[in-house]
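The structure appears below as structure tokens.
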Ligand code: HEM
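Now the structure itself:
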């Protein structure tokens, strides 16, 4: 179960990034070119939030199965000295949670705005902050915090 979860969590990362990026491109064009908020824009908003929620669920289950996390909570004094362990046990989890909360709020607030320009603007603000946080919290092969492959 653990290798499957790790594989899925690694792959879904790309869906999270692509959907957020696509949402932002659409929101930017919509906002700057004063377009009307179409059905497609609404689906993209909705699916971006849904993909982030799927990744959150995978992350939570992975957190309960990961040997790194078990090691951290069973030997906190010793394990917390290791950056890699603290990264997955606290930094990654907290930053990703903040980012997904921002996506959820941004999506919900945008949905409730009456004016199309405000819908695009809300998505732009919340989703871009979320994307920045996610980018920082991913264990890229070039990250100074923890390194994992692009594909598992
Ligand atoms: C947008 C949200 C998230 C993204 C893009 C993301 C991405 C990733 C990536 C790329 C990895 C490395 C996978 C690999 O080793 O190949 C990873 C590992 C991990 N993630 Fe996430 N993650 C997210 C949210 C979360 C959340 C919310 C949690 C916890 C509740 C979580 C828990 C973990 C854990 C525990 C590992 C390490 C597992 C291990 O190596 O044993 N992730 N994540």
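Numbering (this note's numbering), first residue to last: 544 to 695.
The C-beta atom is built at its ideal place from N, Cα and C for all residues, glycine as well.
For residue i, count neighbouring C-beta atoms within 10 Å of its own C-beta (all shown protein chains included) and say buried if the count is 16 or more, exposed if not.
{"i": "residue 589", "result": "exposed"}
{"i": "residue 662", "result": "buried"}
{"i": "residue 593", "result": "exposed"}
{"i": "residue 680", "result": "buried"}
Quick one, which of the options has its alpha-carbon nearest residue i's?
{"i": "residue 596", "options": "613, 693, 644", "result": "644"}
{"i": "residue 554", "options": "585, 593, 577, 601", "result": "601"}
{"i": "residue 544", "options": "604, 591, 577, 614", "result": "604"}
{"i": "residue 678", "options": "660, 649, 639", "result": "639"}
{"i": "residue 577", "options": "682, 659, 683, 685", "result": "659"}
{"i": "residue 646", "options": "624, 618, 560", "result": "560"}
Could you give the distance in angstroms between the alpha-carbon of residue i and the alpha-carbon of residue j?
{"i": "residue 635", "j": "residue 654", "result": "28 angstroms"}
{"i": "residue 556", "j": "residue 598", "result": "7 angstroms"}
{"i": "residue 551", "j": "residue 571", "result": "30 angstroms"}
{"i": "residue 581", "j": "residue 606", "result": "38 angstroms"}
{"i": "residue 657", "j": "residue 695", "result": "43 angstroms"}
{"i": "residue 583", "j": "residue 573", "result": "12 angstroms"}
{"i": "residue 615", "j": "residue 688", "result": "16 angstroms"}
{"i": "residue 664", "j": "residue 585", "result": "13 angstroms"}
{"i": "residue 686", "j": "residue 630", "result": "11 angstroms"}
Touch test, the stretch 670-679 against the stretch 566-586, Cβ-Cβ under 8 angstroms, three pairs minimum: The stretch 670-679 vs the stretch 566-586: in contact.
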